[in-house]
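Student:
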Amino acid sequence: MGTLRGLWNRFPTALSLFAVVSSLVRANNSPWIQYPDTGFATMTHYDLPLDFIASCGCSTESTHFPTAAMSQMAYGSSSAYGASCGRCFNLTLLNTFLSTPPFFPNVTNSVVVKVTDKCPVSAHWCSAMQGKPNQAGVFLNFDLAWPSSSIPDDFFPSDASLYGYTDFGVWNISYASVPCSSWGGQSNITSFGVAPNLGDSVCCPTDPFTDPNTTCPSFSDLNGISPTSAPAVPSSASSLSYSSYTFLLIYPILLGLYQLSL
Ligand SMILES: *[C@@H]1O[C@H](CO)[C@@H](O)[C@H](O)[C@H]1NC(C)=O
Ligand SMILES: *[C@@H]1O[C@H](CO)[C@@H](O)[C@H](O)[C@H]1NC(C)=O
Ligand SMILES: *[C@@H]1O[C@H](CO)[C@@H](O)[C@H](O)[C@H]1NC(C)=O
Ligand SMILES: *[C@@H]1O[C@H](CO)[C@@H](O)[C@H](O)[C@H]1NC(C)=O
Ligand SMILES: *[C@@H]1O[C@H](CO)[C@@H](O)[C@H](O)[C@H]1NC(C)=O
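Residue numbers for the sequence shown, in mature numbering (1 follows the signal peptide of the UniProt record, and there is no 0): -27 to -1, 1 to 235.
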């Protein structure tokens, strides 16, 4: 009897322990990368046509201001919108690391971007998975839409006389989540929000960082689509990351050169 009561008394504890453990297991089962508000990342760049509607479905006007595609597993969906859509980040260039020697510019260039697109997990620098960083040891890649009418052409510093080229392809950067009030597009209300008449496969909140209630759900989770599915055939810029695909092709060569230099 005493044993039974003891068990019964402990039952609620056991039950809540079970609830805690199962919610932890559930959280760990989420394939999406949860990232801190600040940290290090890599940055590549890609061609996003002006007035193009990218993965999140943000209005065409957003392309007139700095935007970026985020690596798929941090973006939060393998299709259409994910949790990072609409978030704003201050991105600061630190150094290159594939070049010989690494390049540490004598200027510190930053840009505040809004995430409007997904960089597919199949693209080399966007390949980080939960617990498995990319080749630079970081979990986030920002694929900057550049050249852009809103970002100076010399945003990426270079030293052609030393390196013989100006485009390093990938940079080590620091990132900081910032309120979208510091994004260039905030002065023009039409550059916020979703493109009209596109139904419910779009989600582009004004500022999910300062108003987490507006964070987009994961379109692929909602629709039972595999989180790691990636377009096999490039079909639209919403899922394309041109520079990243180029990098996928030339990376083995660069890696070889980099290893030779060590
Ligand atoms: C972005 O980061 C740079 C470098 O730390 C800083 O100088 C700049 O003030 C930041 N901009 C915003 C809007 O936070
Ligand atoms: C990026 O910069 C940070 C801070 O300087 C440094 O600790 C890290 O090693 C750098 N990563 C690469 C890949 O250069
Ligand atoms: C900064 O570096 C660039 C190339 O690395 C060089 O051309 C330029 O003169 C430098 N500027 C200053 C102020 O040192
Ligand atoms: C704001 O958006 C409207 C509509 O797209 C556009 O005509 C106007 O030029 C934009 N203004 C600025 C300052 O970008
Ligand atoms: C977010 O949602 C919660 C729960 O519905 C609510 O209590 C809270 O006030 C909301 N916050 C904002 C900033 O709207």
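C-beta: ideal position from N, C-alpha, C; glycine also. All values derive from a computational prediction rather than experimental measurement.
If I measure Cβ to Cβ from V151 and keep anything under 8 Å in the same chain, skipping five residues before and after, which residues do I get?
Tutor: Sequence index remark: in the sequence shown, residue 151 carries index 178 (1-based). C61, F62, N63, V85 and F182.
Student: Do you know how far the Cα of S95 is from the Cα of L222?
Tutor: Here residue 222 refers to the residue found at position 249 of the sequence shown. Here residue 95 refers to the residue found at position 122 of the sequence shown. With a pLDDT of 40 at L222, under the threshold of 50, the modelled position of this residue cannot be trusted, and the question is left open.
Student: Have a look at the DSSP bridge pairing and note the partners of I124.
Tutor: Along the sequence shown, read from residue 1 onward, the residue named residue 124 stands at position 151. In the DSSP output, where bridge partners are listed per residue, I124 has S121.
Student: Is there contact between the segment 136 to 147 and the segment 172 to 181, where contact requires at least three CB pairs shorter than 8 Å?
Tutor: Flag = no, the segment 136 to 147 and the segment 172 to 181 do not touch.
Student: Taking 7 Å as the line, does the beta carbon of N79 fall inside it for any heavy atom of ligand 6?
Tutor: Only ligand 1, ligand 2, ligand 3, ligand 4 and ligand 5 can be found as ligands here, which leaves ligand 6 out of the picture.
Student: To the nearest whole angstrom, what separates the beta carbons of T81 and A27, a pair I think is in contact under 8 Å?
Tutor: Along the sequence shown, read from residue 1 onward, the residue named residue 81 stands at position 108. Along the sequence shown, read from residue 1 onward, the residue named residue 27 stands at position 54. So it is not a contact: roughly 28 Å between Cβ atoms.
Student: Got a sec? Which residues, its chain only, sit under 6 Å from L66 by beta carbon, not counting five neighbours each side?
Tutor: Walking along the sequence shown from the start, residue 66 turns up at place 93. Here the set comprises N82, W144 and I146.
Student: Let me check you understand the geometry: is the CB of A56 closer than 7 Å to at least one non-hydrogen atom of ligand 2?
Tutor: Within the sequence shown, numbered from 1, the residue matching residue 56 stands at position 83. Flag unset: Cβ of A56 not near ligand 2.
Student: Using three-state DSSP, classify Y54 as helix, strand or coil.
Tutor: Here residue 54 is taken as the residue at index 81 of the sequence shown, counted from 1. DSSP places Y54 in coil when its eight states are reduced to three.
Student: How many angstroms separate the CA atom of A168 from the CA atom of S160?
Tutor: In the sequence shown, residue 168 corresponds to position 195, counting from 1. In the sequence shown, residue 160 corresponds to position 187, counting from 1. Going by the C-alpha atoms only, they are around 18 Å apart.
Student: Residues in the same chain with beta-carbon distance under 6 Å from D140, minus the five sequence neighbours each way, listed in chain order, please.
Tutor: Here residue 140 is taken as the residue at index 167 of the sequence shown, counted from 1. Around D140: no qualifying Cβ.
Student: Between D132 and ligand 3, is the CB less than 7 Å from at least one heavy atom?
Tutor: On the sequence shown, residue 132 is found 159 positions in, with the first residue counted as 1. Indeed, a heavy atom of ligand 3 lies less than 7 Å from the Cβ.
Student: Is L64 near ligand 2, in the sense that its beta carbon is under 7 Å from a heavy atom of that ligand?
Tutor: Numbered from its first residue, the sequence shown carries residue 64 at position 91. Every heavy atom of ligand 2 is 7 Å or more from the Cβ of L64, so no.
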